[in-house]
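One structure is given here, and the rest of the page talks about it.
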Amino acid sequence: MAGLFCAVAAGTLCAATPQAHALDQSVIGSPDEPRSPWAVFRFGFTAYKSGHKDQAVEAYRYAADKGQIGARWKLARMYAEGDGVARNDYEAFKFYQEIAAQEVEPGSPEESYVSDALVALGGYVRAGIPGSPVQANPAAAQDYYMRAAATYRNPNAQYEVGRMLMTGEGGLKSNIRQAGRWFQLAAEKGHTGAQATLGHLLFQSGKVVRGLAMMTAALERAPAADKSWIRGMQEEAFALAGEADRRTAIALAQDMLVGGE
Numbered sequence: 133m134a135g136l137f138c139a140v141a142a143g144t145l146c147a148a149t150p151q152a153h154a155l156d157q158s159v160i161g162s163p164d165e166p167r168s169p170w171a172v173f174r175f176g177f178t179a180y181k182s183g184h185k186d187q188a189v190e191a192y193r194y195a196a197d198k199g200q201i202g203a204r205w206k207l208a209r210m211y212a213e214g215d216g217v218a219r220n221d222y223e224a225f226k227f228y229q230e231i232a233a234q235e236v237e238p239g240s241p242e243e244s245y246v247s248d249a250l251v252a253l254g255g256y257v258r259a260g261i262p263g264s265p266v267q268a269n270p271a272a273a274q275d276y277y278m279r280a281a282a283t284y285r286n287p288n289a290q291y292e293v294g295r296m297l298m299t300g301e302g303g304l305k306s307n308i309r310q311a312g313r314w315f316q317l318a319a320e321k322g323h324t325g326a327q328a329t330l331g332h333l334l335f336q337s338g339k340v341v342r343g344l345a346m347m348t349a350a351l352e353r354a355p356a357a358d359k360s361w362i363r364g365m366q367e368e369a370f371a372l373a374g375e376a377d378r379r380t381a382i383a384l385a386q387d388m389l390v391g392g393e
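Numbered per our numbering, the sequence shown spans residues 133 to 393.
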C-alpha cells in the first residue's frame, strides 16, 4: 500500500520507474486535505483506465476498506475475471458478499452494485467454488436470484429464476407458467436469453409464429457467447414450422428488431 499512500499524500505516485502514474489533482484535491474513499476510488478508476492496474487495485482496496461500494464491486470483477490480478473466484465471492450485505433501497445510486452482486453470488453458490468453503447449493442460489429479481428487477436474475422454475432446480417444483412470467419480465428489459427461451416456450405451446419470431429476433440481438445455443433452438423450431409460418415469423422478427420489441 506504500505506493498508494504516497500518491494520495503527495499528489504523485512514489515511482521507481519513469512511467509512474501522476495523480489528477482535480479529482483528489489539495494534498493537505484528508483523502475521502470516493476520491481514492476515482483515482483508482483513472489508474485502471490508463492501464496501471496494480495501482488501481491498491486504490480500490483502500477505498473498499473504508466502505466504498463501487471499489468493492470493481475488485470483485477484477478477481472474477483475472483482470490485473490472478483470477480468484473465492476472493470475488467475498467482495460480492460484502456488497450484498448492504441494505440498499431500489432506485438508489448503489442499486446496480447490490443487484449485480446478488446475481454473481447466485452463480457461485449454484455451482460451488472448487477448493473453497463455497459448496454447491442451488436452493441458496435461488434465494440470491429471487432477491435481485423481485427487489431490484434485475433481468439477469429474472432469467435465472425462470430457468430454475422451468427445470425444478434447487428444490423448486417445476412450474412452466411461472417460469414464463419471469422470462417475460426479463425479455421486456432486452435480455436475449429470456427472449429466446420464452419464444421456445410459446412455440411449444402452439404459438408457432410468435415463438419462432421471438427466437429469430433474439438470435440477431444475442451476444456472441449466446448465439450458439439460441441458434440451435431456433433452427430446430424453424425446421418444424411450415413454410407459411416461417415467412410470417421472419417478417414479424424484422418488425421486432426495428421496433425494439
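Quick reminder that beta carbons are idealized off the backbone N, C-alpha and C, glycines included.
Buried/exposed call for residue 182, threshold 16 Cβ in 10 Å: Taking the sequence shown and counting its residues from 1, the one referred to as residue 182 is at position 50. With fewer than 16 other Cβ atoms within 10 Å, it is exposed.
Contact check, residue 339 vs residue 351, beta carbons under 8 Å: Counting from one through the sequence shown, the residue named residue 339 turns up at place 207. Counting from one through the sequence shown, the residue named residue 351 turns up at place 219. One thing to note: residue 339 has its Cβ no nearer than 8 Å to the Cβ of residue 351.
Assigned secondary structure, residue 288 (DSSP; H/G/I helix, E/B strand, else coil): By one-based count along the sequence shown, residue 288 stands at place 156. DSSP, reduced to helix, strand and coil, places residue 288 within a helical segment of the structure shown.
In chain order, each alpha helix (DSSP H) run of at least 4 residues that lies wholly inside the segment 295-371: Within the segment 295-371, the complete alpha helix (DSSP H) runs of at least 4 residues are 308-320, 324-336 and 340-353.
8 Å contact criterion, which residue 291 and residue 325 should meet: CB distance rounded: Position 159 of the sequence shown, counted from the first residue, corresponds to residue 291. Position 193 of the sequence shown, counted from the first residue, corresponds to residue 325. So it is a contact: roughly 6 Å between Cβ atoms.
Of the listed residues 240, 376, 176 and 238, nearest to residue 210 (C-alpha basis): Numbered from 1 along the sequence shown, position 78 holds the residue referred to as residue 210. Ranking the options by Cα distance to residue 210, first place goes to 176.
Pick from 343, 355 and 267 that is closest to residue 384, judged by C-alpha positions: As a first step, residue 384 must be located in the sequence shown, where it is residue number 252. The shortest C-alpha separation from residue 384 is found at 343.
DSSP-derived helix/strand/coil call for residue 377: Walking along the sequence shown from the start, residue 377 turns up at place 245. If DSSP states are grouped into helix, strand and coil, residue 377 belongs with the helices.
Alpha-carbon to alpha-carbon, residue 267 and residue 260: Working through the sequence shown from its first residue, we reach residue 260 at position 128. Working through the sequence shown from its first residue, we reach residue 267 at position 135. The C-alpha of residue 260 lies about 4 Å from the C-alpha of residue 267.
Between the CA atoms of residue 382 and residue 313 - distance to the nearest angstrom: By one-based count along the sequence shown, residue 313 stands at place 181. By one-based count along the sequence shown, residue 382 stands at place 250. About 24 Å.
For residue 258, the three-state DSSP class (helix, strand or coil): As a working note, residue 258 is residue 126 in the sequence shown. Collapsing the DSSP output to three states places residue 258 in a helix.
Residue closest to residue 349, alpha-carbon to alpha-carbon, out of 248, 378, 245 and 170: On the sequence shown, position 217 is the one that residue 349 refers to. Among 248, 378, 245 and 170, the Cα nearest to that of residue 349 belongs to 378.
Spatial distance of residue 294 from residue 167 (CA atoms): As a first step, residue 294 is located in the sequence shown; it is residue number 162 there, counting from the start. As a first step, residue 167 is located in the sequence shown; it is residue number 35 there, counting from the start. Taking the Cα positions, residue 294 is about 45 Å away from residue 167.
Cα-Cα separation, residue 258 to residue 252: Position 126 of the sequence shown, counted from the start, is the residue given in the question as residue 258. Position 120 of the sequence shown, counted from the start, is the residue given in the question as residue 252. Answer to the nearest angstrom: the Cα atoms are 10 Å apart.
Residue 217 versus residue 202 - alpha carbon distance: Against the sequence shown, residue 217 aligns to sequence position 85. Against the sequence shown, residue 202 aligns to sequence position 70. Those two C-alpha atoms are separated by around 18 Å.
Residue 276 versus residue 315 - alpha carbon distance: To locate residue 276, count along the sequence shown from 1; it is residue 144. To locate residue 315, count along the sequence shown from 1; it is residue 183. Answer to the nearest angstrom: the Cα atoms are 17 Å apart.
Nearest neighbour of residue 282, chosen from 246, 207, 205 and 353 [CA to CA]: Sequence index remark: in the sequence shown, residue 282 carries index 150 (1-based). Relative to the Cα of residue 282, the nearest Cα in the group 246, 207, 205 and 353 belongs to 246.
Residue 198 - DSSP class collapsed to helix/strand/coil: On the sequence shown, residue 198 is found 66 positions in, with the first residue counted as 1. Residue 198 carries a coil assignment under DSSP once its states are collapsed to helix, strand and coil.
Residue 345 CB to nearest heavy atom of the ligand COA below 7 Å: Among the components modelled here there is no ligand, and therefore nothing to report on the ligand COA.
Unbroken alpha helix (DSSP H) run spanning residue 174, endpoints: Position 42 of the sequence shown, counted from the first residue, corresponds to residue 174. First-last of the alpha helix (DSSP H) with residue 174: 169-181.
Proximity of residue 274 and residue 304 at Cβ, strictly below 8 Å: Numbered from its first residue, the sequence shown carries residue 274 at position 142. Numbered from its first residue, the sequence shown carries residue 304 at position 172. Yes, Cβ-Cβ distance for residue 274 and residue 304 is below 8 Å.
Integer-rounded CB distance, given that residue 287 should sit under 8 Å from residue 323: Within the sequence shown, numbered from 1, the residue matching residue 323 stands at position 191. Within the sequence shown, numbered from 1, the residue matching residue 287 stands at position 155. Confirmed, about 4 Å.
Enclosing alpha helix (DSSP H) for residue 270 [first to last residue]: Translated into positions along the sequence shown, residue 270 becomes position 138. In the DSSP annotation of this structure, the continuous segment of the alpha helix (DSSP H) that includes residue 270 starts and ends at 270-278.
Whole-angstrom distance between residue 376 and residue 212, CA atom to CA atom: Position 80 of the sequence shown, counted from the first residue, corresponds to residue 212. Position 244 of the sequence shown, counted from the first residue, corresponds to residue 376. Cα to Cα, the separation comes out at about 47 Å.
Residue 198 versus residue 189: straight-line alpha-carbon distance, rounded: Mapped onto the sequence shown, residue 198 falls at position 66. Mapped onto the sequence shown, residue 189 falls at position 57. For residue 198 and residue 189, the distance between alpha carbons rounds to 14 Å.
The alpha helix (DSSP H) enclosing residue 223, as first and last residue numbers: Along the sequence shown, read from residue 1 onward, the residue named residue 223 stands at position 91. For residue 223, the enclosing alpha helix (DSSP H) begins and ends at 221-232.
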